[in-house]
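Per this note's numbering: the sequence shown = residues 1 to 333.
All residues carry an ideal CB built from backbone N, CA and C; glycine is no exception.
Here's the structure, in structure tokens; my notes come after.
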Amino acid sequence: MTSNRKRVLSGMQASGRLHLGNYHGALENWVRLQDGYECFFFVADWHALTTLFTEPGKVREFTREVAIDFLACGLDPDKSCIFVQSDVLEHAELFVLLSMLTPVPWLERVPSYKDKQKELADKDLSSLGFLGYPALQAADIAVYRADFVPVGEDQLPHLELTREIVRRFNHLYGEVLVEPKEIVTPTPVLPGLDGRKMSKSYGNAVYLSDEDEVVRKKFSNAVTDPQRMRRKDPGRPEVCNVYAYHKLYTAPARLLEIDAACRSAGIGCVDCKRELVERFFERFGAIRERRRAIAAAPERLGEILKAGAARAQKAAREGMARVREAMRLGWAP
Ligand code: TRP
Ligand code: SF4
Numbered sequence: 001m002t003s004n005r006k007r008v009l010s011g012m013q014a015s016g017r018l019h020l021g022n023y024h025g026a027l028e029n030w031v032r033l034q035d036g037y038e039c040f041f042f043v044a045d046w047h048a049l050t051t052l053f054t055e056p057g058k059v060r061e062f063t064r065e066v067a068i069d070f071l072a073c074g075l076d077p078d079k080s081c082i083f084v085q086s087d088v089l090e091h092a093e094l095f096v097l098l099s100m101l102t103p104v105p106w107l108e109r110v111p112s113y114k115d116k117q118k119e120l121a122d123k124d125l126s127s128l129g130f131l132g133y134p135a136l137q138a139a140d141i142a143v144y145r146a147d148f149v150p151v152g153e154d155q156l157p158h159l160e161l162t163r164e165i166v167r168r169f170n171h172l173y174g175e176v177l178v179e180p181k182e183i184v185t186p187t188p189v190l191p192g193l194d195g196r197k198m199s200k201s202y203g204n205a206v207y208l209s210d211e212d213e214v215v216r217k218k219f220s221n222a223v224t225d226p227q228r229m230r231r232k233d234p235g236r237p238e239v240c241n242v243y244a245y246h247k248l249y250t251a252p253a254r255l256l257e258i259d260a261a262c263r264s265a266g267i268g269c270v271d272c273k274r275e276l277v278e279r280f281f282e283r284f285g286a287i288r289e290r291r292r293a294i295a296a297a298p299e300r301l302g303e304i305l306k307a308g309a310a311r312a313q314k315a316a317r318e319g320m321a322r323v324r325e326a327m328r329l330g331w332a333p
């Protein structure tokens, strides 16, 4: 499968099961990229440890769940290299080397550094590892000499920092590393059920793995147009979270009807939500079915990840050989 196709790499933190925001903001796009690029997709368990280091069992559980989500959504081990970060030690080796040339103020300046400390105020995020999060991400990318990194908008500062580190490396040791470009995911960020950004820390997310009943309950509790207090009040689809989902899951002709019926109070929110749930199950039925099948066959999943790690390691070792030579490491006669 080595070819002259451009190389794509991306990862997802193992900090929880994947939700619809992760799907539309990343995975859905990754699945499309598989046919045009040489792809590497991994579960970032070390990155998850930066915030979960006191609960190691959780990282293992989430690593498994995210890997299942990857495959269920259509990442295909015959097309892409799918693996777990900690199975490929070369990421850590490059991280050590990049940390020599990465100024601490560059890391402190990354917006997610302070934002996450605020968001997760109950956690101790004063560690070296948490500060180094974006440098580890840079190593993930650079060790494969990836050309493109598909990411959501929120990851752009990390990618910019990766390029700065790569440029500094190349300036110091010669043009060895590749400056990656981003592929920004086209789907706009999906609102959570309460209208804020969908995030597991806000408890407003629908997970690919949620039971049917849980999905129904979550959508039925979703915030709609806050001005539509009673059934006879007209609604405004443009401010309604439920409508935002209809835009993704409902056919255009029916969407227009819902828009008109909402504005004239012809349809009530309860029915509108029930219809959305039906569309959701249609759209995700196959994925959810596949998810159950993969979860029921853990040995097969283990084999896929092991084979993925072996392939990834081969590529990462090639990358590291160049890096070691560029930095004049190792004994030479
Ligand atoms: N930071 C990414 C996230 O929050 C995960 C990640 C780790 C990543 N290493 C990466 C993404 C390398 C792209 C490339 O999901
Ligand atoms: Fe939203 Fe549908 Fe209710 Fe209109 S009818 S406010 S689109 S849930």
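Sequence-distant Cβ neighbours of Ala295 in its own chain, meaning closer than 6 Å and more than five residues away, are Ile68. Contact holds between the stretch 297-306 and the stretch 80-93, because three or more Cβ pairs, one in each stretch, are under 8 Å apart.
The three-state secondary structure of Tyr207, taken from DSSP, is strand.
Runs of the alpha helix (DSSP H) lying entirely within the stretch 22-93 and spanning at least 4 residues, in chain order: 28-33, 45-52, 56-73. Between Val110 and Pro157, the gap from beta carbon to beta carbon is short of 7 Å.
Taken in chain order, the complete alpha helix (DSSP H) segments of 4 or more residues contained in the stretch 258-304 are 269-295.
Per DSSP, the unbroken beta strand (DSSP E) holding Leu9 starts and ends at 7-13. By the Cβ neighbour-count rule, Gln137 is buried, with 16 or more other Cβ atoms within 10 Å of its own.
Annotation for Val149: the continuous beta strand (DSSP E) segment containing it runs 148-151. Glu325 and Ala310 have their C-alpha atoms spaced approximately 23 Å apart.
Distance from the C-beta of Val242 to the nearest heavy atom of the ligand SF4 is below 6 Å.
The three-state secondary structure of Val176, taken from DSSP, is coil. Taking C-beta atoms as the reference points, Ala146 and Leu9 count as a pair closer than 7 Å. Gly174 and Arg328 have their C-alpha atoms some 11 Å from each other. The Cβ atoms of Val66 and Val31 lie no closer than 7 Å to each other. Relative to the ligand TRP, even the nearest heavy atom lies 6 Å or more away from the CB of His24. Taking non-hydrogen atoms of the ligand TRP into account, the C-beta of Val149 is found less than 6 Å away from one of them. In this structure, the C-beta of Ala44 approaches the ligand TRP to less than 6 Å from one of its heavy atoms.
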